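With the numbering used here applied, the sequence shown covers 345 to 834.
Ideal Cβ positions, reconstructed from N, Cα and C, are used throughout, including at glycine.
All values derive from a computational prediction rather than experimental measurement.
Written out below as structure tokens is the structure these notes cover.
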Amino acid sequence: MPTFFIEQFGCRATQADGAALERQLLDRGCTCAATPAAADIVVVNTCTVTASADAQARNAIRKLHAANPAIRVIVTGCYAQRAPEELAALPGVSWVVGNSHKPQIPQLIDSLSAAAPADSANDFFPAVALLPDSTVPFHSFVGAQPIAPPLGNILTGSIFDRTEFLSAPVLGGEGNHTRPTLKIQDGCDSRCSYCVIPFVRGKSRSLPPGEVIREIQRLTESGYREIVLSGINLGTYGRDLSPRAEFDDLLRRILDETAVERLRISSIEPLDVTQDLVDLFAGTDRIAQHFHMPLQSASDRILAAMHRWYRAEHYARRVELIQERLPHAAIGADVITGFPGETEDDHATTLAFIERLPFTYLHVFSFSKRPGTKAASLSNEVPGTVIKRRARELRALGESKSAAFRHSQIGRTLRVLTLCANDSVDSSRENTTPALSTNYLKVRVNGSFSANRTLNVLISGETVTTLVGEPILSCSASGVGLDPVGASLR
Ligand code: SF4
């Protein structure tokens, strides 16, 4: 069987797809190579959320081919779904497989073992998303002309309907060595005017509750204490299932039926943050006090042009709900600056809104025109220099909000999970251990602790980007008291 390497790009959902693919390939007896250079096949799992994500993927493919022209490159992911012919034209690309047919990549790789390799090096595995019968053997397409589906057809068609929901936790990657991510929902039924995701991931689909529970049980039995639930639009979880399931009910079942110590929700749309959900978070210490709600803009005019379905006042009410019940919760937001037609007044409105509300961090994105989306056809573009300046102002505001939130935690006791030394907290300080609090703050705990310990920590100070804390009590399942040796992951 061939050796493979998966080169990952993109968001948690794309990384989860890569993890599922890796599980499929290992189950079939393939071997995962340590580096791309040591692999027979490299799967490049792409993102297309911005033009720079596209450029990164193209660069990576060019480098792979330059380093070793014999490597077979399979390109998959969101960019592969959006613009297959663009990728097929790159040197060294053997196949392009859209998200809709990603679960069939193992079959494609199987066929490689049997097929003569040489003549297919530049054959294009076309936009299989278009094909009505996904069981057609792959070799039927070798040499076929690329067919690019109009993006609108993807939205209205059923190309994703047969797409299996494969899920495997993402166990590696920055910040994830002790906090696996489990994707439980994919796709999106909304149509935000700037967003390409529904075109490349299809309609909302959910992993059935029983499978979610089983995956979480497996992870907790392996020793993981914190699990991050991710999805493209998590609040819509279960609406596609029969019988229909609700996200809140799923969380309750996970708490009842698994021993997971801490669940974290990666991101949720503001209108899905209901009183019930906030009460659920407030009623347990097993769900991290962390809400990440995309805002995008606080100008109602721009929100309408973006086809977002709430207005600033609705969003503010959700933040107030959280604050009332969980005054120390992390509240993060995505903001897009430079949407076509965004004026200085719109930008000032967004800054003032963010200033007023208790955000604890921001993710700021510059508007990027995505082909096929409604916003891409708008003519009133904001000049690049203006977008850059607005992004700088938003980031500076985000940093000052983060600093103020960190500072407000000094003197409090936070529950933290220790991380691997190479996970996201600054590792320059000796005899300290990086950790992450339930309210999503990076903490340097004085003392050496193994990764994956739950500790209560008294916050005694801060550095430029992290808090500093003294461990006061170990509350890991293995016992109570200061014990620097934690249970390792099995
Ligand atoms: S909710 Fe809007 S921004 Fe989020 S994935 Fe769906 S269409 Fe894109």
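Among the options, the one whose alpha carbon lies nearest that of residue i
| i | options | result |
| --- | --- | --- |
| glycine 436 | Ile609, Thr704 and Arg402 | Arg402 |
| leucine 607 | Thr525, Val544 and Arg549 | Thr525 |
| alanine 795 | Glu570, Val440 and Pro450 | Glu570 |
| proline 552 | Arg535, Glu668, Arg714 and Ser586 | Ser586 |
| leucine 763 | Leu722, Leu639 and His521 | His521 |
| glycine 579 | Ile541, Pro614 and Glu737 | Pro614 |
| glycine 728 | Asn800, Thr628, Ser712 and Asn790 | Ser712 |
| threonine 358 | Val808, Thr420 and Thr394 | Thr420 |
| glycine 312 | Thr602, Gly582 and Gly575 | Nothing can be reported for residue 312, as the shown portion of the chain is limited to 345 through 834. |
| glycine 582 | Gln667, Val572, Gln529 and Gln619 | Gln529 |
| glutamate 430 | Ile405, Pro447 and Ala410 | Ile405 |
| serine 534 | Thr693, Tyr654 and Leu434 | Tyr654 |
| leucine 452 | Glu814, Ser643, Cys374 and Lys407 | Cys374 |
| histidine 409 | Leu599, Gln667 and Ala381 | Ala381 |
| aspartate 600 | Gln667, Gly676 and Gln561 | Gln561 |
| alanine 378 | Phe348, Ala395, Asp616 and Val663 | Phe348 |
| alanine 395 | Glu664, Asp623, Arg652 and Pro715 | Pro715 |
| leucine 665 | Gln619, Ala649, Leu758 and Glu725 | Gln619 |
| threonine 693 | Thr717, Gln667, Arg734 and Val726 | Arg734 |
| glycine 866 | Leu595, Arg645 and Leu647 | Here the chain comprises residues numbered 345 to 834, so residue 866 is not present and cannot be evaluated. |
| isoleucine 415 | Glu555, Glu657 and Ser438 | Ser438 |
| threonine 564 | Cys536, Arg523 and Ser550 | Arg523 |
| valine 808 | Ala399, Arg797, Thr798 and Arg788 | Arg788 |
Same chain only: Cβ atoms within 8 Å of residue i, ignoring 5 sequence neighbours per side
| i | result |
| --- | --- |
| isoleucine 754 | Ile803, Ser804, Gly805, Glu806 and Leu811 |
| leucine 741 | Leu695, Ile698, Glu699 and Leu706 |
| threonine 479 | Note that threonine 479 has pLDDT 35, beneath the 50 cutoff, so the model's placement of it is unreliable and the number below is only indicative. No residues qualify anywhere along the chain. |
| arginine 356 | Val514, Thr525, Lys527, Val572, Ser574 and Ser610 |
Close beta carbons around residue i, own chain, < 7 Å, minus the five adjacent residues each side
| i | result |
| --- | --- |
| arginine 367 | Ala512 |
| glutamine 425 | Gly442, Asn443, Ser444, Ala473 and Val544 |
| leucine 621 | Asp592 |
| isoleucine 350 | Gly362, Leu365, Glu366, Val387 and Asn389 |
| arginine 597 | Pro553 and Ile557 |
| cysteine 532 | Ile541, Pro542, Arg545, Ser548, Ile576 and Asn577 |
| glutamine 633 | Phe625, Leu670, His672, Ala673, Ala674, Thr782 and Asn783 |
| alanine 660 | Leu701 |
| histidine 751 | Glu806 |
| valine 829 | Because the pLDDT of valine 829 is 34, which lies under 50, any placement of that residue in the model is unreliable, and the number read from its coordinates should be weighed accordingly. Answer for valine 829: Ser794, listed in chain order. |
| leucine 639 | Tyr659, Ala677, Asp678 and Val679 |
| arginine 588 | Gly582 |
| leucine 499 | Here the model assigns leucine 499 a pLDDT of 40, short of 50, so the residue's position is not dependable and the matter cannot be decided. |
| valine 717 | Reading off the sequence, residue 717 comes out as threonine, not valine. Here the set comprises Ser537, Tyr538, Cys539 and Val540. |
Close Cβ partners of residue i (< 6 Å) along its chain, the five nearest in sequence each way excluded
| i | result |
| --- | --- |
| phenylalanine 749 | Thr704 |
| serine 611 | His636 |
| histidine 707 | Asp678 |
| cysteine 391 | Phe353, Gly354, Thr358, Ala397 and Cys422 |
| glutamate 559 | Leu526 |
| leucine 722 | Pro684 |
Any non-hydrogen atom of the ligand SF4 within 7 Å of residue i CB
| i | result |
| --- | --- |
| arginine 356 | no |
| proline 542 | yes |
| arginine 535 | yes |
| cysteine 532 | yes |
| isoleucine 576 | yes |
| glutamate 613 | yes |
Any non-hydrogen atom of the ligand HEM closer than 7 Å to residue i Cβ
| i | result |
| --- | --- |
| cysteine 539 | Absent from the structure shown: the ligand HEM. Ligands present: the ligand SF4. |
Cβ-Cβ separation, residue j to residue i (assumed contact under 8 Å), whole Å
| i | j | result |
| --- | --- | --- |
| asparagine 389 | glutamine 352 | 5 Å |
| valine 514 | isoleucine 449 | Contact flag wrong, Cβ pair sits at about 17 Å. |
| threonine 687 | isoleucine 731 | About 13 Å separates the two Cβ atoms, so there is no contact after all. |
| valine 760 | valine 540 | With 8 Å as the limit, valine 760 and valine 540 do not qualify as a contact, their Cβ atoms being about 37 Å apart. |
| proline 346 | aspartate 371 | Their Cβ separation, rounded to whole angstroms, is 14 Å, which puts proline 346 and aspartate 371 out of contact at 8 Å. |
| serine 641 | phenylalanine 683 | 7 Å |
| alanine 779 | tyrosine 538 | Not really, about 36 Å apart at Cβ, beyond 8 Å. |
| aspartate 643 | aspartate 690 | The sequence as given places serine at residue 643; aspartate does not occur at that position. Contact holds; Cβ gap of about 4 Å. |
| arginine 630 | glutamate 605 | 6 Å |
| valine 617 | arginine 662 | 4 Å |
| asparagine 800 | isoleucine 816 | 5 Å |
Q. Which ranges would you report for the beta strand (DSSP E) in the segment 678-724 if only whole runs of at least 3 residues count?
A. 705-710
**Q.** Secondary structure, beta strand (DSSP E): runs of 3+ residues fully inside the segment 725-789
**A.** 757-762 and 776-781
Q.
Threshold first: 4 residues or longer. Then list the alpha helix (DSSP H) segments lying entirely within the segment 508-581, N to C.
A. 541-545 and 553-565
Q: Output the residue ranges of the alpha helix (DSSP H) runs that lie fully inside the segment 392-417 and measure 4 residues or longer, sorted by chain position.
A: 395-411
Q.
I'd like the ranges of any beta strand (DSSP E) spanning at least 3 consecutive residues and lying wholly in the segment 634-674.
A. 634-636
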